[in-house]
Every structure is written in structure tokens, then in C-alpha cells.
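For reference, the structure is listed below as C-alpha cells.
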Amino acid sequence: MAWRMDKTCVLILGAAALAGGVRPYIGILLSAWVVDALAAGEPFARIATVALLCVGATFVLSALMGVLDAKKNVRIERAVRRYEMLTAEKTLTMDYELLDSPQVNAIKSRMLDDRNWGAGFYSVYGQWESGMGVFAHLAASIGIAVPLLVAFPAGLWALPALLGVAVGASLLNARFGVGKELRLMNEVGSAQHSYVNHFVFTTTADTRRGKDVRLYGAQKLIRERIEGEWPRYLQWMRRFSRAGMAEGACGGVPEGLLQGSAYLCAVLGALSGALSAGAVLRFGAALYSLAQDCVRLANLLSEMTATARRQESTYDYLNVPNALYRGTLAVEKRFDNEFEIAFHNVSFRYPGAQDYALKDLNLTLRVGERMAVVGRNGSGKTTMIKLLCRLYDPTEGAITLNGIDIRKYRYEEYQALFAVVFQDFRLFSFPLGQNVGASVEYDRAAAESALLRAGFGERLSTMPRGLDTPLYSNYDASGVEISGGEAQKIALARALYKAEAGDPPAPFIVLDEPTAALDPIAEADVYARFNGIVAGKTAVYISHRLSSCRFCDDICVFDGGHLVQRGSHEALLKEENGVYAALWQAQAQYYAEERE
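Residues are numbered in this note's numbering as their position in the sequence shown, beginning at 1, plus a constant of 1074.
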């Protein structure tokens, strides 16, 4: 994955590691040579020349490492951003129903925790660089030690002894030190870390919850939940700290043995006359470094294994399969908007639910119609719209566009037919114009026109940068805050823009109670005004307030997941025992009492 994200970054890290691995040995070789040169009575000029060459080589390597470090930091950051964009792109293209899946959300939560604990994808590059550095050290150590072992064959006994100590240290560290730390992080830490972070950083800082927290005095509740979790979190931290102490013990004692054994071997070589004073320095340093690098390599392999395991959750998330079938038929581009959508015995259950949210629905939407969908909350109105827009596929039955099953059409092209404003719509912390045009590049004149017709003209005139004014201040300090009513107007303008300036213009407009927060009279006024704006389009208006949709000639009444009535306002009122008449009377009485 690291190579896939940025090949140049991998090469730069390798070069930096090699340079860093070789550089220390220049000093070792120089000091050993100087000792031998002085003992041999070499001229000062020659010693000074060699020393200057070594200093120059060290300077060149240091300068090279500085350049590579500057480049690698930028390349790593870019590679990590690309890696994170993979998961962002997966989320953007994932089936809508998977966004609510408990299984998928569990994978996502595990992925985020794994990234928090393991420094995310940064650790992959860091460990690659460390690994290359260890191999560079090993190569240099072997290159120095082998010629000296040829001169002092008896020193061969030191290799298995040193490697034995190194392997033993690595096994101890894997069992009680680094390995235990990693196991604790994977088994317990991420869950505790996630839970505490949720309350400390999410719940307390969420402005949407802030009003309720203050008005209901919930500060004490949240504090108690956080404090109640702290003992378990701190208990885990104590276990984690003990593992860190074990790591230090497992590393410190063997390291002393390694260093002592290496120089003991070198001293024995000197006493036997096989090694010069300078060779003792080279031999001792090479053997010690060789054994030490074996320990580092073993520990690094343990860390890399843990990092690979932490990356598994990301791969699991990226490999979540989309269940919705993506057809290949192109949606016919019709300038006359002669589209007809029909529901044929459609029933639907939400994933994991036992009861049907919609049952045996037969319904046709024809071009240019104004249809109202009304009913109590939970009667299936929004579910019908989600099926219409193909956010979900029917559990039973089929939906057709001009007689062809909508699953056979290209997914994005079919969804481009709809301009929808849901009750729980969201705006982005982007400039106003980009929110309306849903794109970085958009038709500014069309966006401004849509805002004016949606009733946002007066507020637009006060925007400091017009269409380029950022909404909210999450990411831009110059962003402006907007009221709920203003946000609704922007959402309506976004639907108007897509219906008129989209590529292609959307022939179907759906308002799924985006004005539910308004009073009934204001909502009815918005719906009626919007109805006059979208002439020539197929419009569907959803509301639990019957008065808001009485201007429609075709009203569909939903109850308990069934389409129970259909007709005009006057016709439905004549069915005195019907759901519509009962709802109308109940709401009329309620509004009359409100006026009193």
C-alpha cells in the first residue's frame, strides 16, 4: 500500500535510511585508523588528509539527509492524505443503506481507533525507513567484521553467543515488552480510548448538544459518565505502563551483555596479537552493532506485524461490497421530460427490521404532475421517497422508469433525475454558491436566481462576499452563521438549481418536509410558492400537515406503510370514514384551538 500511495516517497525514505545507516561508521573507521596510524608513526599530513576526507564525507551525507528529510516529510504527508482519501472515497460511493449498517459502522469505528493508536499510515513509512536503516547498519557491520574474523578466527565463537543474547532479548521483549504493549492496545486500549474520547472531545464540544447540556444542566451527568469510565481507563494505562517498564528491562540488560561480550571478544583478539588497537575498536563496534541490529530487527518485525494488523480494519472497510446492482443502460435524455415512474407491488423492510415499512405499493408518477404524499409520522412517506431515489432497493416488487426496471439504469444517471430536499437536509461548510451548485464550478447567475426565488434575496445582499461567502466557521474564520429558516431556503435553492441548471436538469422535484420546523401557515406558503416556481416539472410534496398540500390535485394518503387513499382534497374529505378526513378534522381542531 505504501508503494501504491507514493513510489517516490518509498525511494526517498530508503535513500535517507541508507545514508543514515552508513554515516556513523565513518567515524568508527576513522577513529580506528587514526589509532593504528599513530601507532605506526604515519605522517601528520596524511592523517589530517584522511580525517578531512572523512569529515567531508560525513558533511555530504548529513547534507544529503537534510535534503531527503525535507522532501520525505512532504511526500509522507501527501501519501497519507491519498491513503485517507481512499476511505473517504469509499464512504462517498458506498451504498446508502450501508451507512446505517451496524456491522459497517463497527468496522469504521475499529479503523479509526487503529489509526489513532498506531499513528495511522505514518507508522508504515516510519517503519519502512527504520527497516532500511537496520539493514544498512547490518551490511556495514558485516562488512567491517568479516575481514577481522578472517584475521582472528577464534572470534567466531562470539557470533552465536551474541546472536543468542540478541534472540533471547527479542523473545523477552515480544512476550513482556513491546509485544505486550501492542496486545494491550489491540485488545483493550482502543475501546477504552474511543469511549473516553467520545465523551471528552465529542459530547462536550458538540455545539448541537451544547444548548441541551446547558438548559438541562447535563454537565453533571456527562462529568459522571467520564469519571465513571476513568478508573477502567487508568487501570488499563497502569497495565500499559508496566509493559513499558518490562520493555526497558528486556532491552537494557541484554544490551549491556551485548556490548560487554563484543568488546571482550575484541580484547581477546588484541591479547592474542591478532588485532591491532584500531582493529579492536572496529571489531568491538562492528560486533556490538551487529547484535544490536538483530535485536532492533526483531523488535521492528514485531511492530510491523502489529501495524499490519491495524491496517486490516482499513482493508476490511475498503472491501465492504456494495449490494445495489449498478445497471448499464443510459437514462434517455428527454427535453420534453416525458418520464413516468411506477411502483409495482413494492414492499420494503429496512435491513435488520422484522416489520415492513412499506407494503404492496402501486403508484405512478407522470410528467408535470403535482403529487402530495401525506400521512402520520412513520406511515412510510419518506421510505417511499428513498425507494424512488434508489437509496434503497425494494425488498419485494419493482420500480420502473418508462417501463424499464430502474436497477437496469446507470446508478448515477438515474439519481440525477431527482432534486430532493429532505427534512434532515445538511449544508456544507463551503461557500454559499458551492452549496447551491453542489460543485466547485457552477453557474453563478443560475445560483443567484435560485436563491432569489427561494426567498433568500434579502439575506444574500448582506453576505460579505456574496456567493463566495463561506457558510459556518468550522473551517474558515470568515464564515457566517445562518438561521434554520435561512438554511431551508438555501436547501430549496439547491433543488431549484439542480432542476433548472443541472447537467442534465432534474425533471423530478421532491420536498420531504424540509419546512417541518415552520408553522403550518408558513409551510403552506412555501409549498404554494415553490409550486408556482417549478412549472413543467414533476413535483412531489410530503407533509404530515394536510393544509400544506391541499393545492395538489393528486393527494396520496399513507397509513401504516400502505397507500390507503388517493384523490383530490375535496374528494378525500367526502370519504368521511377515511384516514384523510379524520386527520383533517383533527388538525383543523388543533389549529383552531391554537388560534384561540
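Backbone N, C-alpha and C fix where the C-beta goes; we use that ideal spot for every residue, glycine too.
Could you compute how far the alpha carbon of residue i sits from the alpha carbon of residue j?
i	j	result
L1646	Q1659	12 angstroms
L1212	I1218	10 angstroms
F1571	G1205	Residue identity differs from the one stated: residue 1571 is Tyr in this sequence, not Phe. Near 55 angstroms, if we compare the C-alpha coordinates of G1205 and Y1571.
M1139	K1164	37 angstroms
R1624	M1159	47 angstroms
A1567	I1607	11 angstroms
R1356	V1369	20 angstroms
R1097	C1128	10 angstroms
R1669	R1619	Legend: pLDDT at R1669 = 46, less than 50; position of this residue unreliable, value from coordinates given subsequently. Spanning the two alpha carbons is a distance of roughly 16 angstroms.
A1602	A1528	12 angstroms
A1093	A1512	49 angstroms
L1126	D1390	55 angstroms
S1557	I1564	11 angstroms
E1203	R1383	19 angstroms
A1162	R1155	10 angstroms
I1473	V1420	7 angstroms
For residue i, does the three-state DSSP call read helix, strand or coil?
i	result
F1496	strand
T1438	strand
W1658	helix
F1530	coil
E1203	helix
P1544	strand
P1468	coil
S1513	coil
F1209	helix
G1452	coil
S1557	coil
G1610	coil
F1422	strand
L1038	A query on residue 1038 cannot be resolved here, the shown segment of the chain reaching from 1075 to 1670 and no further.
P1305	helix
P1221	helix
L1398	coil
M1079	helix
L1092	helix
At a Cβ threshold of 9 angstroms, is residue i touching chain C?
i	result
A1598	Of the chains in the structure shown, none is chain C; there is only one protein chain.
Name the DSSP beta bridge partners of residue i, please?
i	result
Y1483	L1403
A1416	T1438, T1474
D1633	H1636
Y1615	A1446, L1585
D1628	M1445
G1641	I1629
Could you check which residue in the options has the C-alpha nearest to that of residue i?
i	options	result
S1105	N1651, D1633, R1444, A1359	A1359
R1481	C1083, R1464, H1418, V1096	R1464
P1588	H1636, A1580, A1493	A1493
D1143	G1641, I1100, Y1170, L1087	L1087
Y1170	P1117, N1396, A1382, I1102	N1396
L1525	A1551, I1629, G1507, D1187	G1507
A1153	R1078, A1520, M1168, S1175	R1078
I1672	S1215, R1189, P1176	Past the boundaries of the shown model lies residue 1672; the chain is included only from 1075 to 1670, so the question cannot be answered.
S1136	C1083, A1114, G1095, I1150	G1095
Using beta-carbon positions only, say whether residue i and residue j come within less than 9 angstroms of one another.
i	j	result
T1612	E1487	no
L1439	I1415	yes
P1544	S1503	yes
I1181	S1453	no
L1403	R1484	yes
I1461	V1208	A small correction: the amino acid at residue 1461 is Leu; Ile does not occupy that position in the sequence shown. No. Outside cutoff.
Q1639	Y1615	no
L1475	F1417	no
A1431	G1635	yes
L1657	R1450	yes
L1172	V1394	yes
Q1562	V1600	yes
V1033	I1100	The displayed coordinates of the chain run from 1075 to 1670. Any statement about residue 1033 would go beyond what the structure contains.
A1090	K1146	yes
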